[in-house]
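Let me begin by presenting the structure, written as C-alpha cells, before commenting on it.
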C-alpha cells in the first residue's frame with residue numbers, strides 16, 4: 655500500500671515538471687531564430703532576393719519584426735530554397751558554426767532595429783491578413799513578402815570580416 | 425614569455441596573410457558549349473586525317489548572336505561586383521588576330537630583324553582560360569510563352585574537373601528573351617559562385633591542381649626505364665621522378681595517370697601555392713617556378729629538360745635537350 659502511495663505521489667509531483675518541460679520546449683521553439691519557414695517567390699532584381707517568410711510573435715507587429723529578422727537570418731545561415739520559379743541560393747556563411755564563432759557580432763546584428771534592418775525591404779503593405787495571419791497559441795504566426803538586399807548584405811559581412819570574399823586570397 | 429609568443433604569432437599571421445594575398449589569380453572565360461554552337465550553326469566542318477570534325481566558330485557566334493552577349497555581359501557584371509572579373513572571350517579572340525599582325529610588323533632598328541616566334545609561341549597566344557564557363561541554353565516555346573533551359577558548368581581547364589554545375593528551367597513568361605536570359609543568369613549566379621568559392625578554398629588548403637606531362641626528345645640517349653643511382657640504390661628514372669613528386673606536393677597528393685618508357689603523365693598534382701623564387705624570396709608560385717624544382721633535381725643525373733607552360737595548370741617537360 656505504502657509503495658502504491660509513494661508511486662502515486664511521485665507521479666503527481668512529476669506531472670507538472672513534465673508539462674513545464676513541454677511548455678519550455680514550446681517557448682524555445684516559439685522564440686528560436688531557427689524555427690521559421692521561408693520560400694523563394696521569384697528571381698529578384700539584381701542583387702536582391704524576393705522571399706515569403708513567416709515569423710512568430712505575441713502580437714502581429716512582433717511577428718512581422720521577427721519575420722524580417724528571419725529573412726536576413728536565412729540568407730546568412732540557412733540559404734534560400736529553390737522554387738518552381740527560382741533556383742536555390744546558398745547561405746552567405748559557409749561555416750555552420752559562424753553564429754557561435756561571432757556570437758557578439760550577430761547578437762548585436764539581430765537586435766530589434768539593429769543593422770539587419772538595412773537589408774530588408776518589405777514589399778507587402780500593411781498588416782498581413784487571411785492565410786498569411788494565423789492565430790496560434792499565445793500569439794500570431796504571420797507571413798510577409800520581403801525583398802532582401804542580398805549583395806549588400808554579403809558585402810557588409812565581407813567588410814566586417816565575417817565571411818571571405820570570392821577574390822580574397824588572390 | 426607568453427607576451428613575446430603572442431607577438432611572434434601575430435607577426436607570423438601577418439606574414440602569411442600577406443603571402444596569401446599574392447596567390448596567382450585564375451583567368452575565367454565564358455565559352456559557348458559545342459552543343460549550343462552546333463544548334464545555332466556556329467561551326468564549320470573540317471577534315472582531320474580523313475575524319476570529318478566540327479570546329480566551333482566562336483568569333484562568328486559573338487559577332488552574330490546578341491543573346492550570348494547579353495548573358496556574358498550580365499555574368500561579367502555580377503563577377504566584377506565580386507572583385508573577380510571575367511576575361512572577355514570576344515575581345516581575346518580579336519586581340520589574337522591583331523597581336524599576330526602587330527608582332528609580324530615589329531623589327532629591329534639596326535638590322536631590320538623580325539621578332540623570333542616559334543609555333544609554340546603562336547599556340548601560346550591562343551585564349552587560355554584557367555577556368556572555362558561552359559554555357560548552354562535553349563529557348564522553349566510554350567504557346568505564346570517562352571521558357572529558358574539553362575546550363576552553366578565551370579570546368580578546371582587542366583584537370584577537366586567540374587567545379588560547379590548549374591542547370592535548370594526558368595519560369596514560363598511572355599517577357600522578351602533578353603529579360604528571361606538575364607533572369608536565368610541572376611537565378612544561377614549565386615549557386616555558381618558558391619561552387620567557385622569551394623574550389624578556391626580547396627586550392628588554398630590543398631594546393632593548386634596541375635597536370636605535368638613528361639616526354640622525351642627523340643635524340644635522348646635514355647628513357648624512363650633507364651636505371652640511375654638514388655640514395656645508394658638503383659632505381660628507374662620514372663621511380664626517381666615519382667619520389668620527387670611525393671616529396672614536393674602538398675600532403676604527397678598526385679596521381680600517376682600513365683607511365684611508359686617514353687612518357688609519364690601526372691594528374692591532380694597538388695603544387696604548393698607559395699615557394700621560393702629565383703631571388704630566394706617567398707613568392708606566389710607559378711607552375712613554371714614549381715617545375716623548376718624538378719628541372720634542377722634532374723641536373724644531378726645530367727638530364728637537361730625543356731619546359732613548356734600552358735596557363736597556370738599544365739606543364740610539359742621534355743627531357744634530353746633544352
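Protein chains in written order, with this note's numbering: chain E, 655 to 824; chain R, 425 to 746.
From the three backbone atoms N, C-alpha and C, an ideal C-beta is built for every residue, glycine too.
query                                                                                                                                                                : result
Determine the burial state of residue 766 of chain E: buried for a count of at least 16 other Cβ atoms within 10 Å of its Cβ, exposed for fewer.                     : exposed
Whole angstroms are fine: how far does the CA of residue 721 of chain E sit from the CA of residue 689 of chain E?                                                   : 11 Å
With 8 Å as the threshold, decide whether the Cβ of residue 506 of chain R is near any Cβ in chain E.                                                                : yes
Run down chain E in chain order and give the residues with a C-beta less than 7 Å from the C-beta of residue 449 of chain R.                                         : 824
Distance cutoff 8 Å, beta carbons only. Does residue 815 of chain E sit that close to anything in chain R?                                                           : no
Would the beta-carbon of residue 722 of chain R fall within 8 Å of that of residue 447 of chain R?                                                                   : no
Roughly how many angstroms separate the alpha carbons of residue 509 of chain R and residue 503 of chain R, rounded to a whole number?                               : 5 Å
Could you compute how far the alpha carbon of residue 757 of chain E sits from the alpha carbon of residue 792 of chain E?                                           : 29 Å
Taking the alpha-carbon positions, what's the residue 656 of chain R to residue 677 of chain R distance?                                                             : 26 Å
Less than 7 Å between C-beta atoms, sequence neighbours within five positions excluded: which residues of the same chain meet that for residue 647 of chain R?       : 640, 685 and 686
Using the Cα positions of residue 459 of chain R and residue 733 of chain R, report the straight-line distance between them to the nearest angstrom.                 : 29 Å
Using the Cα positions of residue 799 of chain E and residue 584 of chain R, report the straight-line distance between them to the nearest angstrom.                 : 42 Å
Which residue or residues does DSSP assign as beta-bridge partners of residue 708 of chain E?                                                                        : E:797
Beta-carbon within less than 6 Å of residue 431 of chain R's beta-carbon, same chain only, minus the 5 sequence neighbours each way: which residues are those?       : Residue confidence is low: residue 431 of chain R scores 49 on pLDDT, short of 50, so the model does not pin down where it sits. Its coordinate-derived value is still stated next. So the list is empty, once near-sequence residues are dropped.
Mind checking residue 813 of chain E: buried by the 16 CB within 10 Å criterion, or exposed?                                                                         : exposed
By the 9 Å beta-carbon criterion, what residues does the region 765-783 of chain E contribute toward chain R?                                                        : none
Flag this pair as touching only if the region 666-676 of chain R and the region 551-569 of chain R have three or more C-beta atom pairs under 8 Å; answer yes or no. : no
Let me know the beta strand (DSSP E) ranges lying completely inside the region 449-516 of chain R, each 3 residues or longer, listed in chain order.                 : 452-456, 467-472 and 475-480
List the residues of chain R whose Cβ lies closer than 8 Å to the Cβ of residue 735 of chain E, in chain order.                                                      : In chain order: nothing, as chain R lies at least about 12 Å away.
In the DSSP assignment, what are the bridge partners of residue 708 of chain R?                                                                                      : R:698
Going along the region 601-628 of chain R in order, which residues come within less than 7 Å of chain E, judged by CB to CB distance?                                : 607, 610, 611, 612, 614, 615, 617, 618, 620, 621, 624 and 628
Quick one: using the 10 Å Cβ neighbour count with 16 as the cut-off for buried, is residue 703 of chain R buried or exposed?                                         : exposed
Out of R:487, R:494, R:528 and R:505, which has the shortest C-alpha to C-alpha gap to residue 517 of chain R?                                                       : R:487
With a threshold of 8 Å between beta carbons, is residue 701 of chain R in contact with chain E?                                                                     : no
Of the residues R:493, R:452, R:739 and R:644, which one's Cα is nearest the Cα of residue 507 of chain R?                                                           : R:452
Where do the N-terminal and C-terminal ends of the alpha helix (DSSP H) with residue 602 of chain R fall, by residue?                                                : 601-630
Taking 8 Å as the limit between beta carbons, can you name the residues of its chain near residue 768 of chain E, skipping five residues before and five after?      : 762
If contact means a Cβ-Cβ distance below 8 Å, which residues of the region 589-601 of chain R contact chain E?                                                        : 590, 592, 594 and 595
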